[in-house]
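**Student:**
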Amino acid sequence: FTFLRALFHNRVAQCLFAALHPRWGVSFGLQWAKHSRLKREDGREPPFQGEDKEPLILFAKSYLKDHPDINFFIFGHRHLDYDLMLSRSARVVLLGDWIQLFTYAVFDGEQLYLEDYIEGESEP
10 FTFLRALFHN
20 RVAQCLFAAL
30 HPRWGVSFGL
40 QWAKHSRLKR
50 EDGREPPFQG
60 EDKEPLILFA
70 KSYLKDHPDI
80 NFFIFGHRHL
90 DYDLMLSRSA
100 RVVLLGDWIQ
110 LFTYAVFDGE
120 QLYLEDYIEG
130 ESEP
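Its first residue numbered 10, the sequence shown is counted upward by one per residue in our numbering.
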């Protein structure tokens with residue numbers, strides 16, 4: 010991760026990539042995404058692994074030990090809708106997705122709600 014971050018933020022690497030024809034750049038991106046998808050079981054997102062094995066929840070629990078003043082950990086890209094209280098004031102919210110679950114979070118200034126979008130009923 011550190012290497013890729015450094016590479017993507019490197020001005021020289023960005024200029025070299027920009028010099029490529031878009032056909033090659035897009036092809037590179039598609040191949041990279043395909044490789045990432047092939048690492049999954051049956052090409053699908055893994056199911057919920059439980060509170061003691063789910064990487065995002067484990068990260069939140071670990072981070073909360075050093076930063077107890079955090080109230081919300083909000084994550085996307087997991088394609089699960091999940092809301093878990095870690096302590097009296099800290100929660101982990103996995104947002105789900107907009108393709109199958111149609112879930113989103115609403116923060117009113119004090120509380121955070123995980124809502125389901127229902128066409129014709131939910132406000133945009």
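Glycine is no exception: its CB is placed at the ideal position from the N, C-alpha and C atoms.
Give me the Cβ distance between Tyr113 and Leu104, rounded to the nearest whole Å; I'm assuming they're in contact under 8 Å.
**Tutor:** That belief holds up - the Cβ atoms of Tyr113 and Leu104 are roughly 7 Å apart, short of 8 Å.
**Student:** Taking DSSP as the reference, what is the three-state secondary structure of Ala27?
**Tutor:** If DSSP states are grouped into helix, strand and coil, Ala27 belongs with the helices.
**Student:** Identify every run of the beta strand (DSSP E) within the segment 51–99, keeping only runs that are complete inside it and at least 3 residues long; order them along the chain.
**Tutor:** Here the runs fully enclosed are 81–84 and 90–94.
**Student:** With Arg100 and Leu93 assumed to form a contact (beta carbons below 8 Å), what rounded beta-carbon distance in angstroms separates them?
**Tutor:** Rounded, the Cβ-Cβ distance is 7 Å, consistent with contact.
**Student:** What residue from Glu124, Trp107, Gly129 and His88 has the CA that sits closest to Arg53's CA?
**Tutor:** Taking only the C-alpha atoms, the option nearest Arg53 is His88.
**Student:** Exposed or buried, which one is Ala27 when buried takes at least 16 other CB atoms within 10 Å?
**Tutor:** Burial call: exposed.
**Student:** Can you list, in chain order, the residues of its chain with a C-beta nearer than 6 Å to that of Val115? Leave out the 5 residues immediately preceding and following it.
**Tutor:** Cβ neighbours of Val115 beyond the five flanking positions: Tyr122 and Glu124.
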